[in-house]
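Residue numbers (our numbering): 165 to 428.
Each residue gets a CB set at the ideal place from its N, CA and C atoms; glycine is no exception.
All values derive from a computational prediction rather than experimental measurement.
To keep things clear, I will list the structure first and then write my remarks on it.
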């Protein structure tokens, strides 16, 4: 479904009843990556997925090139839907956006799930890598980005044994316009460091990571969980960076357990 919010077309899905779970996707994908959670959790929860600007069904806003801008767009959607508070689930870039949400809109957050992400800002090397990838996107398009990203997004076992997952991820990337890819890269390179934020976070928090995540290794999630008081860390076996998509049963079990424990 789509809505025009503050003059911008936003693609989203809104299914189920109960506590709202707002799922924010990774780079350079779309809300489709959350379909395994929509399928499994809408019996108990209201699962909302959103296409960030320039992804899926959402219009790109070229001047909205910060993660704070993405976070504001998420809040605008919640306002449009009449939702005061929600549990937010963010994977990778989605996790970066969750830090922005906590920094700017803490009263809207009932709980957080930080999946396959990191708190640190990009190093100079990391920023250079994003500039290089932006150049590839401009020169060779989304297909070249898919070739670069799939080995970073998926575990070797997934690539070897689950060609259907590889193809689904490839199609999500191919459907992302070059401009959307580049805006993401600019926003991620410019994001602030969130390490000092961690000790101030008081909402119920689950940290999830794929055991074979090469983009944000397990140590990054340990770092986050050790600094958020009362948080829970779950490692998903045989998953890479897209733990929710590669091993949805284990991811959903961890998510349900967290929500039940905290009565969310």
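inquiry  = For a minimum of 3 consecutive residues, which ranges assigned as the beta strand (DSSP E) are wholly contained in the region 258–329?
reply    = Annotation note: the region 258–329 contains the following uninterrupted beta strand (DSSP E) runs of length 3 or greater, listed N- to C-terminal: 273–279.
key: Proximity winner among 189, 270, 182 and 222, relative to residue 366 (alpha-carbon distances)   = Ranking the options by Cα distance to residue 366, first place goes to 270.
key: Inter-residue spacing [alpha-carbon to alpha-carbon] between residue 228 and residue 351   = Using only the alpha carbons, I get a separation of about 9 Å.
task = Indicate the three-state DSSP secondary structure (helix, strand or coil) for residue 422 in the structure shown.
result = Helix, per DSSP.
Spatial distance of residue 260 from residue 396 (CA atoms) = Rounded to whole angstroms, the gap between the alpha carbons of residue 260 and residue 396 is 18 Å.
request  = Using only alpha-carbon positions, find the residue among 173, 312 and 286 that is nearest to residue 300.
outcome  = The shortest C-alpha to C-alpha distance from residue 300 to any of 173, 312 and 286 is the one to 312.
request  = Just mark residue 166 as buried or exposed, buried being the case when its beta carbon has 16 or more other beta carbons within 10 Å.
outcome  = Counting the other Cβ atoms within 10 Å of the Cβ of residue 166 gives fewer than 16, which makes it exposed.
message = Cutting at 7 Å between CB atoms, please list the residues of its own chain near residue 348, excluding the five before and the five after it.
response = The answer, listed in chain order, is 191, 192 and 257.
key: Rounded straight-line distance, which links the Cα of residue 185 to that of residue 412   = Distance between the alpha carbons of residue 412 and residue 185 is about 16 Å.
inquiry  = Between the alpha carbons of residue 339 and residue 247, how many angstroms are there, rounded?
reply    = In a straight line, the C-alpha of residue 339 is about 29 Å away from that of residue 247.
key: Beta-carbon proximity of residue 234 to residue 361, cut-off 8 Å   = If you check the CB distance, residue 234 and residue 361 do not come in under 8 Å.
message = Within a Cβ cutoff of 6 Å, which residues of the same chain sit near residue 180, ignoring the five residues on either side of it in sequence?
response = In chain order, 206, 209, 210 and 211 place their CB closer than 6 Å to the CB of residue 180, counting only its own chain and leaving out the 5 sequence neighbours on each side.
message = At 4 residues or longer, what runs of the alpha helix (DSSP H) sit wholly inside the region 363–402?
response = For the region 363–402, the continuous alpha helix (DSSP H) assignments of 4+ residues that do not extend past its boundaries occur at 382–391, in sequence order.
query = Skipping 5 residues on each side, what residues in its chain have a beta carbon closer than 8 Å to that of residue 172?
reply = The residues are 217, 222, 223, 225 and 237.
query = Considering only the beta carbon of each residue, do residue 174 and residue 214 sit closer than 8 Å?
reply = Cβ atoms of residue 174 and residue 214: closer than 8 Å.
message = So for residue 175, helix, strand or coil by DSSP?
response = In the structure shown, residue 175 sits in a strand (DSSP, three-state: E or B).
Cβ-Cβ separation, residue 375 to residue 345 (assumed contact under 8 Å), whole Å = Incorrect: roughly 28 Å between the Cβ atoms, too far for contact.
ask   = When the distance is taken between beta carbons, is residue 405 closer than 8 Å to residue 389?
value = In this structure, residue 405 does not lie closer than 8 Å to residue 389 by Cβ.
ask   = At which residue ranges does the region 184–216 contain complete beta strand (DSSP E) runs of 3 or more residues, listed in the order of the chain?
value = If only complete runs of 3 or more residues are kept, the region 184–216 shows the beta strand (DSSP E) at 184–188 and 210–214, in order along the chain.
request  = Spell out the partners DSSP gives residue 252 in its beta bridges.
outcome  = Partner(s): 186 and 276.
key: Per DSSP, cross-strand counterpart(s) of residue 167   = As computed with DSSP, residue 167 is found in a beta bridge with 174.
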